[in-house]
Structure formats: C-alpha cells, structure tokens
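Worksheet for the structure shown next.
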Amino acid sequence: NAGVMQNPRHLVRRRGQEARLRCSPMKGHSHVYWYRQLPEEGLKFMVYLQKENIIDESGMPKERFSAEFPKEGPSILRIQQVVRGDSAAYFCASSPPVRGLGYEQYFGPGTRLTVT
Amino acid sequence: TQLLEQSPQFLSIQEGENLTVYCNSSSVFSSLQWYRQEPGEGPVLLVTVVTGGEVKKLKRLTFQFGDARKDSSLHITAAQPGDTGLYLCADANSGYALNFGKGTSLLVTP
Numbered sequence: 119n120a121g122v123m124q125n126p127r128h129l130v131r132r133r134g135q136e137a138r139l140r141c142s143p144m145k146g147h148s149h150v151y152w153y154r155q156l157p158e159e160g161l162k163f164m165v166y167l168q169k170e171n172i173i174d175e176s177g178m179p180k181e182r183f184s185a186e187f188p189k190e191g192p193s194i195l196r197i198q199q200v201v202r203g204d205s206a207a208y209f210c211a212s213s214p215p216v217r218g219l220g221y222e223q224y225f226g227p228g229t230r231l232t233v234t
Numbered sequence: 219t220q221l222l223e224q225s226p227q228f229l230s231i232q233e234g235e236n237l238t239v240y241c242n243s244s245s246v247f248s249s250l251q252w253y254r255q256e257p258g259e260g261p262v263l264l265v266t267v268v269t270g271g272e273v274k275k276l277k278r279l280t281f282q283f284g285d286a287r288k289d290s291s292l293h294i295t296a297a298q299p300g301d302t303g304l305y306l307c308a309d310a311n312s313g314y315a316l317n318f319g320k321g322t323s324l325l326v327t328p
C-alpha cells in the first residue's frame, strides 16, 4: 500500500530554469495539497487541488508558480524562471475524498529544490 | 491566520529522560494535529485531537488538548534515539489548509 510519492527527491536548477515537481497521491485519494518549507520557517500551505480543479491557490506566489492535477497522472507543481529564493523543500500531501477529522493529510517525502 | 507558538524551539536530552513540548495558539483550535518529521522526510501524522481536555496516548507519547482548546502538549516518556525529529503542531481552522507551527527540534542521544 504505497504512500504519497514525490519525484524527484532532489532537484538542482540554475537561475532562470524551470522546475517541475511531481506528486502521486495515495491510492484512493483524490485531494492533493502542496506545501513549502523554507529554512527557519514552518511548512506553508501553497495550493489545494482536486482532479482537474484548483480549489484554493491562495498560498501560491502570484507569478512563476502554477499547479495542476490532471484526470490522469500525477499532480505537477511548476516553477518557471527559478530564483535562489525558491530553494526549499516542497511537500505534497493527499487526503481521501471524504473529509476526516481536521482534514487528515498524508505527506510525501518531499522534493528538495536547490537553485544555483 | 492563527499564530501557533511551539516551545521549546530546540531540545537535547539523553535516552531515558522524559520531556514535554508545547503548542499554543492565539485563538481556539477547531482541531489540532501533531506530526513528527525526520530529517530528509515528510511529516508523519501522529494524532488528531478535537475535544477540549482530551488526552490520547500512543505508546510512550501522551497528547493533551487544553480545556479551552487553545493549547496542547506532547509528553514523551523514556525518550529513545528513534524519537529524534521535528515535532510539529498544526490546525485546520481554515479548513483544508493546515497551519503549522515552526516546530520543536528534538535530539535524543544514547
């Protein structure tokens, strides 16, 4: 029973390049969430998606960041024209379609993005 | 956004000692979750507490939710090196967007 899978686990990009982070939710989960963890800061919510729908992207930076969760395939967090400040650990979480207590979310191992 | 304060920020103890870490909020929690995050990994859900005064036990871990639902504590009995990690509290007052504290970083040395 596989958990949330994220790849790559580590990603190095030069300034100005694009970063694509992938997330496959747990089997049976149709809700996906992305969080970012910066050094010295806690985990911060970025976006909440269901299949083919962005439900809430209030935590996403207004520019260069986008997310999708297509009908088939993993959820993708895309960062265009990366800058050094984008270096962080990006975590994906998933939850089942029925709301549990406090929206219990199950996290993947994260993608550590380093921008050089 | 609800402000979550976790204390202490860092804790280093020896194997076998007991410890307590705290999570305090500026307002009432609808529900509160505790996670543990090991280096290089994602957070793992330990427990969800909902009712004021609630106490939950998970082996050597005891979680308490304050009567007023504005604070919570995590007590570990006879800590082991495997307990090392970052302990995070989170609330879902805004619904699905978990709001995390900055965590308590625990190091248990043999």
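Residue numbers (our numbering), protein chains in the order written: chain A, 119 to 234; chain B, 219 to 328.
Where is the CB? At the ideal position from N, CA and C, for every residue including glycine.
Computed from a predicted model, the values in this text were never measured in an experiment.
Straight through space, the alpha carbons of C141(A) and D174(A) are spaced by roughly 17 Å.
Contact of Q223(A) with chain B by beta-carbon distance below 7 Å involves L316. The criterion of a C-beta distance shorter than 8 Å is satisfied by R202(A) and V233(A).
It is roughly 27 Å from the alpha-carbon of L237(B) to the alpha-carbon of K162(A). Neighbourhood of P261(B) in chain A, by CB distance below 8 Å: L161, F209 and F225, in chain order.
Apart from sequence neighbours up to five positions away, the residues of its chain that approach K189(A) with a beta-carbon distance below 8 Å are K169 and E170, ordered along the chain. A direct Cα-Cα distance of roughly 42 Å separates H293(B) from E181(A).
For D174(A), the nearest beta carbon of chain B is closer than 8 Å to its own beta carbon. Among the CB atoms of chain A, none fall inside 8 Å of the CB of G271(B). With fewer than 16 other Cβ atoms from the protein chains shown falling within 10 Å of its own Cβ, D285(B) counts as exposed.
When the beta-carbon positions are compared, L222(B) and N317(B) come within less than 8 Å of each other.
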